[in-house]
Structure formats: C-alpha cells, structure tokens
Amino acid sequence: MQIKNKMLPLTAAIALALAASASAYAQEQIIKIGHVGPVTGPSAHLGKDMENGAKMAIEELNAKGVTLGGKKVKFVLLAEDDASDPKQGTAAAQKLVDAKIDGVIGHLNSGTTIPASKIYYDAGIPQISPAATSPKYTQQGFNSVFRVVANDGQLGGTLGRYAANSLHAKNIAVIDDRTAYGQGVAQEFAKGAKAAGVNIVATQFTNDKATDFNAILTSIKAKNPDVIFFGGMDAVAGPMLRQMKALGIKAKFMGGDGMCTAELGKLAGDGLINDQVVCAEAGGVEESGKKGLDDFKAAYQKKFNAEVKLYAPYSYDSVMAMVEAMQKANSADPKKYLPELAKIHHKGVTGMIAFDAKGDIKDGTLTLYTYKDGKRTLLTVTK
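So the sequence shown is residues -26 to -1, 1 to 357, counted in mature numbering (1 follows the signal peptide of the UniProt record, and there is no 0).
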C-alpha cells in the first residue's frame, strides 16, 4: 500500500505533463503557404533558387515563434513544380487550393502566373509573385494579386532608352520566345527604343525550348544591327550568344531579368564576350540597402552552398511581407489579412515592399548589368 501511494503522485505528474503537451499542441496553429515555380525543365535552376528563398523565410519565422490570435503558429511551405508550363501551373494552383493554403508565393513565369492567378482569386487566396513581370498579371482586376518586382513596362522601356541614349544604337533587331514574358518584355523594349528614335530593323521569333538559332541570326546579320534584344530566359540566351559568336555577329546583346542571371556565364561559355551583354534585373537595391542584401546572399550561400541565382531574395521578401500582413491582422484568414497586405510597408532585403492599387510594387528599382570574364557586373541602379 505504501508503494502504491508513492506511485500515485508520479502517475499524476505524467498525466498532467501529457495533458499540458497535448494542450500546447492543440494551441499550435498550422499556416500553410504555397510556393510554385519551375523546379524541372530549362528554368529549374531559377525555380529552385526562388523556392530556396521562400524556405529560408519559413525557417526564420518558425525559429522566431510567431503568434496569431494568442496562439503560436507553425508555418509550412507546400512547394509545387509548374515546369514553366501553363497547364501544369494551373494544375499546381488547384492542388494548393484543395490543400487549403492560406497564401501563395509564385509563380515565376508570367505564362504560368497569369492563368494560375484566376484560380487563387476565385478561391480568395492572396498571391505574391517574386518574378512575373507581364503587366497583364495586375491588369485583370483581381484584388488578390501582387508582385515585388518591376513590370515589363518599366523594365523594357528602361532598356530601350538605355540602348538609344547610352549605347547610341541606331538599328536594333528584336527576338522573343513567344511566351507571355518574352513577348511582353520585347514589345515594351521596342516601344521604348522607338520612342527614343531607334529603328527596329528586324523582328524574329523562337521558342523557350529552342537550341538552334542559325536561321534567324543569319537573317538578322544581314541587317547589321547595333543591338540584338532577346525576350526570353537564360537557358535560351546562352546558346544564342554562342551561335552569335560563331556567325561573327558583334552586336550588343540585351535582355530582361529572365536572362540576367549568374548562370548566363556558364550557359553561354566562350560566347559571352566582355561588355557585350546589357541586361536588367527587375529589382535590386540602392546603396543604402546594399548591406542587407549582401547579408542575405551570404546566409543563402552558407545554407545551400550555392550563390543566389536571381529570385531568392524576392521570394524571401514575399513570404515576409505576407506574414507581416497576417501579424497586422492578427489572423491568417485571407479575408482578414488581405486588406493589410494591400497597404503593407515592409522593409525587405530587396528594399521597401509596398503596392499600388493594382498590386504592382511602388517605386520599383531596376538594376542594369553587363558581364566581364563570365561574371555579372553591376552597371547602374535606376527607377
């Protein structure tokens, strides 16, 4: 009997501990944030880079111990692959909606972002794209769509003016890959260049999986352009540069953020001649924000043993801005935090994140680069 009495307090203590643990677990709220980008296909390196940035944000938030509505929350990233394909993109979007996500970061390509945005909008789920630049994305009248990078109008127009005013180009050839992104940025570039007094002497098309450009480049060579602009991604731009060199084309080569990556040097090989390429990243920081971005890049390098390709800091900021809106609303319910997201002012590693009435980033910066010895080299940061 004495042994039994001694054991009762221990049993009670275990029961209380288990009850407390179960209570604490019950109090923990799971918040699911979706992420979609191409992690297979020719742009897989960019999609994985974007996904890694989102992972870093999720891990930091969980380490901080965020609370909403008096409950500790755990953030979970549900990552899907759209392979840069619109059909796969909409399938991935529906899968995330069915999983009852609380918000989504993505997609990367405008061609997948735009059709997927209708699915998220119909489900009432806020979406922030860290990469899609087509103006059409934010012109659909959806109050749930946002982007943290400049759009094609800003990017293409700036490059067009740069070609005329800084490169002193008189004749330009334009190539695009027929995707929503490639067409859009090429059209905006041509518009900006024409407004600055440049002649468009050739317009050619390829596709986002092409590897042979000899026919279109030979046709362009006969026009003797000062600049060739390419609307598309680095996986196509690299081989195109190699074939330009083989054909003896010495024109400057320009493009948007899709080809303006650290990977372009590897993809182009000896086709990447010093100072031949001028491209723009649809974002970037001015001098005052340089340290924060450099610190992020160092942390990324340490965690993934790889350099940032392009979009990681933008997906990181997208997650952080979305969660700050949740904190301001004290809720992860999209209906409650969406109004806070629309008026957010989040100080991110890529600069201040704030949106206009359409969901475009306010005062978005552009960073122009060239390449020297195969490495991306800063030219200027502009707005």
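The C-beta atom is built at its ideal place from N, Cα and C for all residues, glycine as well.
Within the continuous alpha helix (DSSP H) that includes residue i, where are the two ends?
i    : result
A154 : 154 to 169
T86  : 84 to 97
S103 : Per DSSP, S103 belongs to no alpha helix (DSSP H); it is in the beta strand (DSSP E), 101 to 103.
Ordered along the chain, which non-local residues of its own chain (more than five positions away) have a Cβ less than 8 Å from that of residue i?
i    : result
K321 : I327
K48  : E2, Q3, I4, I5, N36
N188 : Q217, L221
Could you tell me the distance, in whole angstroms, from the CA atom of residue i to the CA atom of residue j?
i    : j    : result
L52  : I102 : 15 Å
A65  : Q128 : 31 Å
P16  : A211 : 11 Å
I149 : K46  : 52 Å
G115 : R121 : 14 Å
K224 : E255 : 23 Å
H81  : V201 : 30 Å
K357 : T185 : 34 Å
H319 : A280 : 30 Å
G243 : D268 : 27 Å
K277 : M30  : 9 Å
V50  : A236 : 29 Å
T341 : A97  : 35 Å
M294 : E34  : 10 Å
Using DSSP with H/G/I as helix, E/B as strand and the rest coil, what is residue i?
i           : result
Q62         : helix
V71         : helix
I202        : strand
E281        : coil
F116        : coil
E260        : coil
A236        : coil
Q250        : coil
T132        : helix
N139        : helix
L20         : helix
K310        : helix
V148        : strand
L342        : strand
residue 433 : The first residue shown for the chain is -26 and the last is 357, placing residue 433 beyond what the model contains.
Y318        : In the sequence as presented, Tyr is not what sits at residue 318; that position holds Ile. Of the three classes helix, strand and coil, the one that applies to I318 here is coil, per DSSP.
V355        : strand
D269        : helix
A196        : coil
Within the same chain, show all residues whose beta-carbon is closer than 6 Å to that of residue i, passing over the 5 residues directly before and after it, in chain order.
i    : result
E314 : A299, K302, A303
V13  : G21, K22, D55
R135 : G166, A170
List the endpoints of the continuous beta strand (DSSP E) containing residue i.
i    : result
G11  : 3 to 11
A176 : 173 to 179
M326 : 325 to 327
M228 : 226 to 229
Who are the Cβ neighbours of residue i in its own chain at under 7 Å, not counting the five residues just before and after it?
i    : result
A138 : A167, A170, G171, V172
K349 : G239
A209 : P16, S17, L241
K263 : First, the amino acid is wrong: residue 263 is Gly here, not Lys. Closer than 7 Å at the Cβ level, and outside the excluded window around G263, lie G325.
Kindly give me the distance between the Cβ atoms of residue i and residue j, rounded to whole angstroms, as I take these residues to be in contact under 8 Å.
i           : j    : result
A105        : V123 : 6 Å
residue 385 : S292 : This structure leaves residue 385 out entirely; the chain is present only between -26 and 357.
A147        : P199 : 4 Å
D126        : T153 : The Cβ separation is near 12 Å, so there is no contact.
K197        : V175 : 4 Å
T112        : D334 : 5 Å
G257        : Y290 : About 12 Å separates the two Cβ atoms, so there is no contact after all.
V251        : G205 : About 14 Å separates the two Cβ atoms, so there is no contact after all.
Say whether chain B places a C-beta atom closer than 8 Å to the C-beta of residue i.
i  : result
Q3 : Given the protein chain composition of this structure (a single chain), no chain B is represented.
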